[in-house]
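These notes concern the structure reproduced below.
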Amino acid sequence: MTDSLTDGLDELARELDQAHVFHSWSAQAAPPGLVVASGRGSRVWDHAGREYLDFSSQLVNVNIGHEHPAVVAAIREQAELLTTIAPSTVNLARGEAAKRIVDRAPDGFSKVFFTNGGADANENAVRMARLHTGRDKVLSTYRSYHGNTGAAIVATGDWRRMPNEFARGHVHFFGPYLYRSEFWASTPEEESERALRHLSRVIESEGPQTIAAVLLETIPGTAGVLVPPPGYLAGVRALCDAHGILLILDEVMAGFGRTGRWFAFDGYDVRPDLITFAKGVNSGYVPAGGVVISDPIAATFDDRVFPGGLTYSGHPLAMASIVATLDAMSSERIVEHAREIGAEAIAPALADLADRHDVIGEVRGEGVFWAVELVADRKTREPLPAAAMGRIKSALIGRGLLPFIQDNRIHVVPPCVVTADEVAEAAAIYDDVLATALVAD
Ligand code: PLP
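So that you can map any letter, position 421 of the sequence shown is 452 in the working numbering, and since no number is skipped, the others follow by simple counting.
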């Protein structure tokens with residue numbers, strides 16, 4: 032195709048999008064986003080062949096990279112065999128996918144309920160917790176995102192909850208975040224201890240016997256890659272145990288390789304009762320999510336009907352893509368690679384950027400899950416204003432890097448398969464943009 036023809040396709044894509052596509056979380060008159068026509072590994076292209084390094088993994092979901100050949104082939108093969116089947120049927124791909132997921136979970140988890148994504152995974156985990164305990168309330172943190180459906184959006188702590196508060200029984204509390212501590216803490220230990228004391232007081236004040244579950248992102252992602260301080264998750268588990276409350280860990284963003292571990296909680300001394308997942312389980316090649324259910328909760332529904340379901344629960348294309356994704360992640364050591372590239376390439380590159388740019392207030396993360404917090408003033412930690420963040424975002428895209436920008440932060444979240452050369456290439460772009468895009472401020 033000639034350049035003008037392919038440029039024409041980008042233009043056509045934008046025209047059709049503006050005329051007919053209603054977008055998430057947006058005022059519809061906002062300018063269109065970037066056209067993306069194809070991808071491979073950590074890179075994507077528009078129709079005209081303009082290349083972008085994807086340091087967003089889209090919505091932090093393309094853990095295995097774009098267009099992994101084994102996953103694409105598995106979807107194609109499954110499509111030729113059986114593209115769709117009702118959830119009540121028995122299907123080999125579904126059983127294989129569930130087995131591969133429980134094999135990566137702790138002992139005592141044997142069953143998986145499949146959903147279409149992360150929100151409905153949390154929705155159903157909350158439903159299971161309420162039915163299992165006979166209690167109603169669900170506690171979650173203000174700095175969280177759990178999805179955009181009835182209970183999941185009201186469990187969410189951030190601004191997206193407020194226009195959607197139609198579900199009942201949700202109570203919020205503050206989790207640990209030392210850089211912007213709610214507890215006047217100055218060490219990780221203090222932050223952990225005081226955040227636990229706060230949660231304990233919230234539980235007492237709400238009435239422990241009314242609380243079905245505490246729902247937590249193991250590492251809150253969109254809220255800023257808030258790696259929990261030592262002892263926090265184990266402390267939450269202990270509080271739950273003391274009061275017969277279930278612990279649901281939301282691993283939708285943090286799970287399946289992002290931290291350099293299969294589950295983020297594998298790095299902590301904690302075992303949840305329910306695990307929710309989506310994104311990285313098949314890198315979003317086909318929409319899928321689910322709940323990994325511990326045996327006592329699964330047993331609650333042995334003779335009692337579970338009142339929940341979805342037409343596409345355990346959809347064969349999604350299942351085939353999960354099997355191929357998890358097999359490839361194991362055989363190609365993709366999770367180990369994420370851990371190594373995080374420690375050996377991303378951590379030093381971001382530390383170097385922090386040395387060179389006063390605008391960086393804090394860098395935190397692990398694996399391929401990092402946040403760079405930008406501040407107007409390092410002492411006061413005042414967040415860099417939205418207009419400056421907007422300029423940084425445009426400049427990064429202009430330099431061929433797809434960023435994940437949230438509030439005053441750049442989240443550095445490439446696919447798990449990112450190479451050391453690609454990290455160096457991205458670091459040079461961040462460096463240049465931080466040096467030039469803020470000059471007017
Ligand atoms: N939970 C977490 C931690 C998430 O990051 C997200 C999405 O970003 C969700 C749940 C919702 O997942 P989905 O958009 O697939 O419904």
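Beta carbons are placed, not taken as given, at the ideal position from N, Cα and C, and that holds for glycine.
- If you keep only unbroken beta strand (DSSP E) runs of at least 3 residues inside the segment 234-307, you get 242-248, 277-281.
- By the CB criterion at 8 Å, ALA101 and ALA359 fall inside the cutoff.
- Boundaries of the beta strand (DSSP E) harbouring GLU404: 400-408, taken from the DSSP string.
- DSSP, reduced to helix, strand and coil, places LEU357 within a helical segment of the structure shown.
- If you draw a straight line from the Cα of SER175 to the Cα of VAL394, it comes to about 19 Å.
- Non-local C-beta neighbours of GLY288 in its own chain, meaning closer than 7 Å and more than five positions away in sequence, comprise ASN94, GLY311, MET360, ILE365, VAL366, ALA369, CYS447, ordered along the chain.
- As the crow flies, the alpha-carbon of ALA285 is around 33 Å from that of ALA60.
- Pairing THR114 with LYS168, the inter-Cα distance amounts to about 39 Å.
- Secondary structure of TRP190 (DSSP, three-state): helix.
- Between GLU397 and THR331 the beta-carbon gap is near 35 Å, outside 8 Å, which marks them as no contact.
- For THR37, the secondary structure class from DSSP, reduced to helix, strand or coil, is helix.
- For TYR208, there is no enclosing beta strand (DSSP E), as DSSP marks it with neither H nor E.
- Beta bridge pairing from DSSP links HIS163 with no other residue.
- Distances taken from the Cβ of GLY72 to the heavy atoms of ligand 1 include none shorter than 7 Å.
- Taking the C-beta atoms as reference points, ALA273 is found no nearer than 8 Å to ARG161.
- Between ligand 1 and the CB of VAL283, the shortest heavy atom gap is smaller than 7 Å.
- Counted as a single uninterrupted DSSP element, the stretch harbouring LEU170 is not any alpha helix (DSSP H) but the beta strand (DSSP E) occupying residues 168-172.
- Closest option to ASP41, judged by alpha-carbon separation, among PRO62, ALA468, VAL67, HIS201: VAL67.
- Put simply, the segment 256-264 touches the segment 206-226. At least three CB pairs are less than 8 Å apart.
- Taking 7 Å as the cut-off, the C-beta of ASN155 does not count as close to any heavy atom of ligand 1.
- Here PHE308 is buried, its C-beta having at least 16 other C-beta atoms within 10 Å.
- Not one heavy atom of ligand 1 falls within 7 Å of the beta-carbon of GLY340.
- By the neighbour-count criterion, in which 16 or more other beta carbons inside 10 Å mark a residue as buried, PRO379 falls on the exposed side.
- Around the beta carbon of ASP304, a 10 Å sphere encloses 16 or more other beta carbons of the protein chains shown; the residue is thus reported as buried.
- Boundaries of the beta strand (DSSP E) harbouring ARG395: 391-397, taken from the DSSP string.
- In the three-state reduction of the DSSP assignment, ILE324 falls in the strand class.
- Among the bridge pairs identified by DSSP, GLU82 is matched with TRP76.
- Per DSSP, HIS229 has no beta-bridge partner at all.
- The Cβ atoms of ILE106 and SER314 lie no closer than 8 Å to each other.
- Apart from the 5 residues on each side of it in sequence, ALA382 sits with its Cβ closer than 8 Å to the Cβ of VAL394 in its chain, given in chain order.
- A distance below 6 Å between beta-carbons, with the five flanking residues on each side excluded, links HIS201 to the following residues of its chain, in chain order: VAL169, VAL185, ALA186.
- Taking GLU413 as reference, the option from LYS424, ASN439, HIS388, PRO434 with the minimal CA-CA separation is ASN439.
- The continuous alpha helix (DSSP H) containing ILE428 extends over residues 417-429.
- One Cα belongs to GLY238, the other to GLY429, and the distance between them is close to 53 Å.
- For GLN437, the three-state secondary structure derived from DSSP is strand.
- Per DSSP, the continuous beta strand (DSSP E) segment holding ARG71 begins and ends at 69-71.
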